[in-house]
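Peer 1: Read in order, the letters of the sequence shown correspond to residues 1 to 549 in the UniProt record's numbering.
By construction, the Cβ of each residue, glycine as well, lies at the ideal position given by its N, Cα and C atoms.
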Amino acid sequence: MMRTEGKATRSANRSSPWKSSYVAYGLLLGSLLVLLYLMVSTQLSYSQKALLDLDPAAIDSAETIPVKNRRSHPGQDDASRGMEEFSREEEEAKAKAHTEPSTPRRQEKQDESEQQWAGRNSIEEQLGNEIKSDNWEAKSQAKNEETAESKEFGGGTDDYNNVANAKPICDTSFGKYDICELAGDTRAQGGPGATVTLVSPRAPPKEWQIKPYSRKYLDGLKAVTVRSVPNSGDAPQCTTQLNIPAMVIELGGLTGNYWHDFTDVLVPLFIGARRFNGEVQLLVVNLLPFWVDRYKRIFGQISRHDIVDFENDDGAVRCYPHVVVGYGSRKEFTIDPSLDETGGDYTMVDFTKFLRHAYSLPRDRPIKLGDVRPPGGRRRRPRMIILERTNSRKILNLPEVIAAAEAAGFKVVVAGRPKASYDEFTREMNSFDVMVGVHGAGLTNCVYLPTGAVFLQIVPYGRLEEIAKTDFGDPARDMGLRYIEYSVAAEESSLMAVFGKEHPMIKDPAAIHLSGWGNVAEWYLGKQDVRINVERFRPSLLRALQHLR
1 MMRTEGKATR
11 SANRSSPWKS
21 SYVAYGLLLG
31 SLLVLLYLMV
41 STQLSYSQKA
51 LLDLDPAAID
61 SAETIPVKNR
71 RSHPGQDDAS
81 RGMEEFSREE
91 EEAKAKAHTE
101 PSTPRRQEKQ
111 DESEQQWAGR
121 NSIEEQLGNE
131 IKSDNWEAKS
141 QAKNEETAES
151 KEFGGGTDDY
161 NNVANAKPIC
171 DTSFGKYDIC
181 ELAGDTRAQG
191 GPGATVTLVS
201 PRAPPKEWQI
211 KPYSRKYLDG
221 LKAVTVRSVP
231 NSGDAPQCTT
241 QLNIPAMVIE
251 LGGLTGNYWH
261 DFTDVLVPLF
271 IGARRFNGEV
281 QLLVVNLLPF
291 WVDRYKRIFG
301 QISRHDIVDF
311 ENDDGAVRCY
321 PHVVVGYGSR
331 KEFTIDPSLD
341 ETGGDYTMVD
351 FTKFLRHAYS
361 LPRDRPIKLG
371 DVRPPGGRRR
381 RPRMIILERT
391 NSRKILNLPE
401 VIAAAEAAGF
411 KVVVAGRPKA
421 SYDEFTREMN
431 SFDVMVGVHG
441 AGLTNCVYLP
451 TGAVFLQIVP
461 YGRLEEIAKT
471 DFGDPARDMG
481 LRYIEYSVAA
491 EESSLMAVFG
501 KEHPMIKDPA
511 AIHLSGWGNV
521 AEWYLGKQDV
531 RINVERFRPS
541 LLRALQHLR
């Protein structure tokens with residue numbers, strides 16, 4: 001035990017000199033660190049003083065990263081250049097949308113738009129939109145003044161050259177129709193091989209074949225050649241110089257069917273031309289004078305200038321500061337401001353107001369039930385028009401339907417094909433508060449109803465609800481109408497007696513749709529009539545009445 005303690009004492013004594021060395025080294029290192037700290041502090045104080053003596057502008061300049069060296073989020077520039085391409089729904093998913101090209105983004109928006117009205121029937125929202133767009137004439141005038149200030153129509157080729165790299169002359173990315181915008185020295189030469197040529201030294205020479213109709217995929221349409229050339233000598237020489245824009249459009253196609261008259265021509269024409277507030281000349285391929293005459297009041301509001309039969313305008317070269325070739329709408333029989341470039345954020349409510357102005361229609365609103373009864377008189381009943389079909393999709397028990405509507409409280413008028421002039425017919429349509437009819441082109445007359453009126457569509461049997469919604473349901477809501485849909489049951493269809501309840505035509509309409517459009521068109525649309533169950537129909541009538549309270 002004693003030996004162990006002695007060994008430990010000797011070991012401790014041997015380690016003492018090393019401990020002293022460590023202490024000395026530590027003191028030396030600490031002194032060096034203190035000296036280094038004093039030197040750095042002195043240098044920093046001199047640097048701060050120098051910075052204080054600098055011009056603040058120089059500091060800002062030195063700290064600003066040059067734009068060309070910045071790294072931006074993919075799509076950030078697209079967002080700053082054109083937020084109009086985003087819908088309200090897309091803005092909520094901006095991070096995703098910024099990484100996608102604009103055309104797929106618009107197509108995605110269209111798919112969303114076609115679903116968003118399902119189960120929705122809020123007239124208050126539509127009227128809210130109308131309030132915002134009440135002054136469509138003033139809005140159009142303001143747009144024109146803004147355009148004039150920017151010299152969009154009168155600035156020569158430089159106006160186009162400033163954006164030549166940002167926007168192509170022709171947009172052929174959408175499958176339904178093509179649109180070309182030529183801003184600058186533009187020369188339109190008519191005749192069988194009609195051409196529209198933009199002279200611009202900065203636009204690369206290029207050529208497009210454009211069918212200026214809203215459904216370019218149809219057979220029998222005629223193409224117009226659209227070109228860009230760098231030199232004036234490469235373009236036809238002007239015989240007429242005009243200081244207004246022009247639009248090149250085509251009739252034909254499905255023109256003549258009442259619904260297609262509006263869906264394919266009149267609504268797209270409003271979308272494309274309304275921004276010009278009448279100061280635009282129409283160059284029409286396949287001009288149909290009798291058809292234009294029918295809608296002369298609408299064309300008179302679209303343009304205050306003579307319509308040119310472009311296909312037969314041989315020898316003339318008409319020169320304009322701005323030409324639009326083609327027209328169309330992204331959705332059927334309606335306007336989607338988030339997709340359709342109207343130049344003024346116009347909506348379908350604006351279109352119906354435009355029609356009422358064109359035809360001098362007096363009623364902007366339907367009757368409101370509950371109004372004070374006239375002194376000494378009876379309270380007025382809301383007026384209902386039932387559109388009668390004479391070929392397919394007839395209402396076989398029409399007298400019973402009329403009686404049920406009158407019992408519900410309506411004053412009913414039945415109308416077939418109009419016998420009066422079209423102008424008189426529009427005024428008659430405007431006088432009704434409710435329109436009822438089986439799915440078909442005649443329902444297009446809803447455009448003349450006052451905003452807030454009721455539109456009751458009877459949908460034939462055969463899973464036709466989606467077609468009915470696309471053709472009339474969504475457009476009606478976009479017009480600010482209160483839309484009601486009544487779907488015919490199998491027992492109410494004349495096809496039940498033809499096929500029996502076990503036949504796929506009755507039992508499995510989905511299979512008929514899968515077999516091809518031919519069977520759908522032939523039977524569900526072409527060879528079906530309906531016999532309305534008035535007890536089943538009565539709630540729809542009462543709902544229509546309620547919408548007017």
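What is the DSSP secondary structure of residue 233, reduced to helix, strand or coil?
Peer 2: Residue 233: helix per DSSP, three-state reduction.
Peer 1: Could you tell me the distance, in whole angstroms, from the CA atom of residue 494 to the CA atom of residue 511?
Peer 2: The straight-line gap from Cα to Cα measures roughly 19 Å.
Peer 1: For residue 298, which three-state DSSP category applies?
Peer 2: In this structure, residue 298 counts as helix in the three-state DSSP scheme.
Peer 1: Figure out for me which residue from 239, 524, 260, 422 has the closest Cα to the Cα of residue 360.
Peer 2: Here the closest residue by C-alpha is 422.
Peer 1: I'd like to check one pair, residue 280 with residue 244: are the Cβ atoms closer than 8 Å?
Peer 2: The answer is yes: Cβ separation under 8 Å.
Peer 1: Quick check on residue 321: does DSSP put it in helix, strand or coil?
Peer 2: Three-state result, residue 321: strand.
Peer 1: Could you spell out where the beta strand (DSSP E) holding residue 569 opens and where it closes?
Peer 2: Nothing can be reported for residue 569, as the shown portion of the chain is limited to 1 through 549.
Peer 1: Below 8 Å between beta carbons: does that hold for residue 462 and residue 520?
Peer 2: Yes.
Peer 1: Rounded to a whole number of angstroms, what is the C-alpha to C-alpha distance between residue 315 and residue 195?
Peer 2: So the alpha carbons of these two residues sit roughly 12 Å apart.
Peer 1: DSSP three-state label for residue 494, please.
Peer 2: Looking at residue 494 - three-state DSSP - the assignment turns out to be coil, as it is neither helix nor strand.
Peer 1: Helix or strand or just coil, what does DSSP make of residue 257?
Peer 2: If DSSP states are grouped into helix, strand and coil, residue 257 belongs with the strands.
Peer 1: Tell me which same chain residues have a C-beta within less than 6 Å of the C-beta of residue 458, skipping the five on either side of it?
Peer 2: Around residue 458: 438, 486.
Peer 1: Is the separation between the beta-carbon of residue 518 and that of residue 480 shorter than 8 Å?
Peer 2: No, Cβ-Cβ distance for residue 518 and residue 480 is not below 8 Å.
Peer 1: Using a threshold of 8 Å, state whether the C-beta atoms of residue 471 and residue 333 are closer than that.
Peer 2: Yes, the Cβ-Cβ distance between residue 471 and residue 333 is below 8 Å.
Peer 1: Which residues does DSSP list as the beta-bridge partners of residue 188?
Peer 2: Beta-bridge pairing links residue 188 to 196, 318.
Peer 1: Using 8 Å as the threshold, is the segment 205–216 in touch with the segment 346–353, meaning 3 or more CB pairs across them?
Peer 2: The answer is no - the segment 346–353 does not touch the segment 205–216, with fewer than three Cβ pairs under 8 Å.
Peer 1: Among all the DSSP beta bridges, which residues are the ones paired with residue 448?
Peer 2: Paired residue(s): none; residue 448 is not in a bridge.
Peer 1: Express the C-alpha separation of residue 234 and residue 344 in angstroms, rounding to a whole number.
Peer 2: Residue 344 and residue 234: Cα-Cα distance of roughly 35 Å.
Peer 1: I'd like the span of the beta strand (DSSP E) that includes residue 246, first residue to last.
Peer 2: Here the beta strand (DSSP E) through residue 246 covers 246–250.
Peer 1: Is the beta carbon of residue 367 less than 8 Å from the beta carbon of residue 474?
Peer 2: For residue 367 and residue 474, no; Cβs fall outside 8 Å.
Peer 1: So residue 262 packs on residue 447, CB below 8 Å; how close in whole Å?
Peer 2: Correct: roughly 7 Å between the Cβ atoms.
Peer 1: Helix, strand or coil: how does DSSP classify residue 473 here?
Peer 2: Residue state, collapsed to three classes: helix.
Peer 1: Looking at residue 169 and residue 224, is the spacing between their C-beta atoms short of 8 Å?
Peer 2: In this structure, residue 169 does not lie closer than 8 Å to residue 224 by Cβ.
Peer 1: Let me make sure I understand the geometry here. Which of 255, 302, 273 has the alpha-carbon closest to that of residue 290?
Peer 2: Minimum Cα distance to residue 290 is reached at 255.
Peer 1: Considering only residues of the same chain and omitting the five flanking positions on each side of residue 478, which have a CB-CB separation below 6 Å?
Peer 2: Hits under 6 Å: 334, 348.
Peer 1: Over the uninterrupted alpha helix (DSSP H) stretch that includes residue 398, give me the two end residues.
Peer 2: Run containing residue 398: 398–408, per the alpha helix (DSSP H) assignment.
Peer 1: In the DSSP assignment, what are the bridge partners of residue 436?
Peer 2: Paired residues: 386, 456.
Peer 1: Rounding to the nearest angstrom, what Cα-Cα distance links residue 467 and residue 180 in this structure?
Peer 2: Distance between the alpha carbons of residue 467 and residue 180 is about 30 Å.
Peer 1: Residues in the same chain with beta-carbon distance under 8 Å from residue 104, minus the five sequence neighbours each way, listed in chain order, please.
Peer 2: Low per-residue confidence applies at residue 104: pLDDT is 37, beneath 50, and the placement is therefore not dependable, though the value from the model is reported in the following sentence. Closer than 8 Å at the Cβ level, and outside the excluded window around residue 104, lies no residue.
Peer 1: Do you know how far the Cα of residue 522 is from the Cα of residue 309?
Peer 2: About 37 Å.
Peer 1: My assumption, with CB atoms under 8 Å, is that residue 532 sits in contact with residue 323. Please give the rounded CB distance.
Peer 2: Contact flag wrong, Cβ pair sits at about 51 Å.
Peer 1: Using the three-state DSSP reduction, which class does residue 478 fall into: helix, strand or coil?
Peer 2: Three-state DSSP puts residue 478 in a helix.
Peer 1: Assuming residue 454 contacts residue 427 (C-beta within less than 8 Å), just tell me the rounded distance between them.
Peer 2: Going by Cβ atoms, the distance from residue 454 to residue 427 rounds to 19 Å, so no, they are not a contact pair.
Peer 1: Among the candidates 222, 325, 237, whose CA atom is the shortest distance from the CA of residue 558?
Peer 2: Nothing can be reported for residue 558, as the shown portion of the chain is limited to 1 through 549.
Peer 1: Let's see if you can read the secondary structure: which residues bound the alpha helix (DSSP H) around residue 206?
Peer 2: Taken as a continuous stretch (DSSP letters only), residue 206 belongs to no alpha helix (DSSP H), being part of the beta strand (DSSP E) at 206–210.
Peer 1: What do you get for residue 241, buried or exposed, if any count of 16 or more other CB atoms within 10 angstroms of its CB means buried?
Peer 2: Its Cβ having fewer than 16 others within 10 Å, residue 241 is exposed.
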